[in-house]
Amino acid sequence: MAALDSARPGLLASLNGKYHRAALAVFAVVVVAHWAEHLVQAFQIYVLGWKTPDARGVLGIPFPKLISSEWLHYGYAIVMLIALFALRKGFAGRSRQWWNLALGLQFWHHIEHLLLLVQAQTGWRLGGGTAPSSIIQLFIPRVELHLFYNTIVTIPMIIAMIVHRKASAVERQLTGCTCSPESRRELATAAS
């Protein structure tokens, strides 16, 4: 039984190996959809002229609690942080550098959401304001700040994925990932 368990890869190994491409695709769809929500919210404010409380993106219109729930925002921030960390081993070289940049930026973004969540739960307010505020939000309004945060995390993440698909043979060997077209051709050749 022990030999069977050692031969079977764990969840993280599978997510960073044979399922890396699928995991990245699902993760990218979720991240880009979330980013699009922030873009729509900015469009509603700056192009349509809506007041900030009325600009709730696409999903926030029928589900206003999505915008006001600090638990939901923190939950998304922590899930994104965990996913960036969990999928990290599938990257090597330059793609890993870009992925690490996205991970580091998301770590800070997560800290800002944790600070917002603590304030929402305790009633304490950073800077003595009437609403929860993150550190940078003391200087930049929340809508613009979170659009910025999501942008600076999403862009290096996407660059990492693009660079990763063009991984060298050495990088592919280091990670065991099958995301690149060359890896899939090598697998098809080996299988035939």
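Numbering (this note's numbering), first residue to last: 1137 to 1328.
The beta-carbon is built from N, C-alpha and C at its ideal position, and this holds for glycine as well.
In this text, all values refer to a predicted model and were calculated from it rather than measured experimentally.
Residue nearest to residue i in terms of C-alpha spacing, selected from the options
i: Gly1193; options: Ala1158, His1174 and His1156; result: His1174
i: Leu1310; options: Ala1238, Ile1197, Pro1189 and Arg1230; result: Arg1230
i: Trp1207; options: Ala1164, Phe1243, His1249 and Leu1147; result: His1249
i: Tyr1210; options: Ala1149, Met1293, Pro1268 and Ser1304; result: Pro1268
i: Leu1283; options: Ser1304, Gln1242 and Gly1263; result: Gln1242
i: His1156; options: Leu1251, Leu1220 and Val1176; result: Leu1220
i: Ile1295; options: Ala1178, Lys1201 and Ala1164; result: Ala1164
i: Tyr1223; options: Leu1195, Ser1150, Ala1305 and Ile1291; result: Correcting the residue identity first, residue 1223 is Leu in this sequence and not Tyr. Ranking Leu1195, Ser1150, Ala1305 and Ile1291 by Cα distance to Leu1223 puts Ser1150 first.
i: Ser1205; options: Leu1253, Ile1218, Ile1197 and Gly1240; result: Leu1253
i: Leu1148; options: Gly1196, Ile1218 and Phe1179; result: Ile1218
Contacts around residue i, its chain only, beta-carbon distance under 7 Å, and the 5 residues preceding and following it disregarded
i: Gln1273; result: Leu1281
i: His1245; result: Ala1213, Tyr1285 and Val1289
i: Lys1154; result: Thr1314
i: Val1176; result: Gly1193 and Val1194
i: Gly1312; result: Gly1153
i: Met1297; result: Leu1160 and Ala1164
Spatial neighbours of residue i in its chain, beta-carbon cut-off 6 Å, leaving aside the 5 residues before and after
i: Lys1225; result: Asn1152
i: Glu1307; result: Ala1228 and Gly1229
i: Ala1178; result: Leu1283
Neighbourhood of residue i by C-beta distance below 8 Å, restricted to the same chain and skipping five residues each side
i: Asp1141; result: Interpretation of Asp1141 is limited by its pLDDT of 41, a score under 50 that renders its predicted location unreliable; the figure taken from the coordinates is listed afterwards. No residues qualify anywhere along the chain.
i: Ala1161; result: none
i: Pro1317; result: Arg1301
i: Pro1200; result: Arg1192
i: Leu1262; result: Leu1251, Gln1255, Pro1268, Ser1269, Ser1270, Ile1271 and Leu1274
i: Ala1305; result: Glu1318
i: Ile1247; result: none
i: Pro1189; result: none
Whole-Å CB distance - residue i paired with residue j, under 8 Å assumed
i: Met1216; j: Val1167; result: 7 Å
i: Ile1181; j: Val1279; result: 6 Å
i: Ala1238; j: Pro1292; result: 4 Å
i: Leu1251; j: Ile1271; result: 7 Å
i: Trp1171; j: Thr1266; result: Incorrect: roughly 28 Å between the Cβ atoms, too far for contact.
7 Å Cβ cutoff, residue i in contact with chain C
i: Ala1267; result: Absent from the structure is chain C; it holds one protein chain and no more.
Exercise. Report yes or no: do three or more beta-carbon pairs, one from the region 1226-1238 and one from the region 1180-1187, lie closer than 8 Å?
Key: Between the region 1226-1238 and the region 1180-1187 there are fewer than three inter-stretch CB-CB distances shorter than 8 Å, so the stretches are not counted as touching.
Quiz item: Residue ranges of each alpha helix (DSSP H) run of no fewer than 4 residues wholly in the region 1183-1228, ordered along the chain?
Solution: 1201-1204 and 1206-1222
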